[in-house]
Amino acid sequence: MTLNMVDPDIDCQDKSILIMDDDREVLNNYRQIFGLSEEFHSPSDELDELLALVGIDNSIFEDDNQCDVTMFRQGLEGIHAADQAVSNGAPYTHALIDMRMPPGIDGLKTATKLREIIPELKVIFISAYMDFGDDDLDSSLPEGYMMLKKPFTPAEIGKALEYAH
200 MTLNMVDPDI DCQDKSILIM DDDREVLNNY RQIFGLSEEF HSPSDELDEL
250 LALVGIDNSI FEDDNQCDVT MFRQGLEGIH AADQAVSNGA PYTHALIDMR
300 MPPGIDGLKT ATKLREIIPE LKVIFISAYM DFGDDDLDSS LPEGYMMLKK
350 PFTPAEIGKA LEYAH
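Residue numbers (our numbering): 200 to 364.
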């Protein structure tokens, strides 16, 4: 059994993270940082199913620092997922958003819509390009936000998740 481990710089406890970036390579970086497989499920899912069939409680094998992460390539997909998460009573706590996600809506519009759905959402923009000035960002997201520049390190992601507004 192959286990994907969360990077030690990341504390996932009590966090549900929504990630939106159009770049597949960046999404692969997130997968590595958060210990996710290519298929967005744990490689031990099959083992979990087998253990359940024979009546063994598999919670003793769970990693205490497992990340609840959902990734999309477009902002509208993330907005839809946030709406569903709220309907299910499990809203996201953090959003990592690329500023440019062609051909869809930009990161600022995405963040603004997400905050309408989840007002307490911690927004972290992660982008190589900044298309908006501080005044635009501040007026659209008066509750606060954080900025990280690509490329990023696991430690930077960990600090952003810890200190985001």
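Glycine included, each C-beta is placed from N, C-alpha and C at the ideal position.
Separation of aspartate 334 and leucine 252 (C-alpha to C-alpha, rounded to the nearest whole angstrom) is 56 Å. The C-alpha of alanine 327 is placed about 15 Å away from the C-alpha of asparagine 228. Valine 225 and leucine 347 have their C-alpha atoms spaced approximately 13 Å apart. Closest option to aspartate 305, judged by alpha-carbon separation, among Gln283, Gly277, Arg223, Ala289: Gly277. Judged by beta-carbon spacing, threonine 309 lies beyond the 8 Å limit of lysine 214, meaning their Cβ atoms are not closer than that value. With fewer than 16 other beta carbons inside 10 angstroms of its own, alanine 289 counts as exposed.
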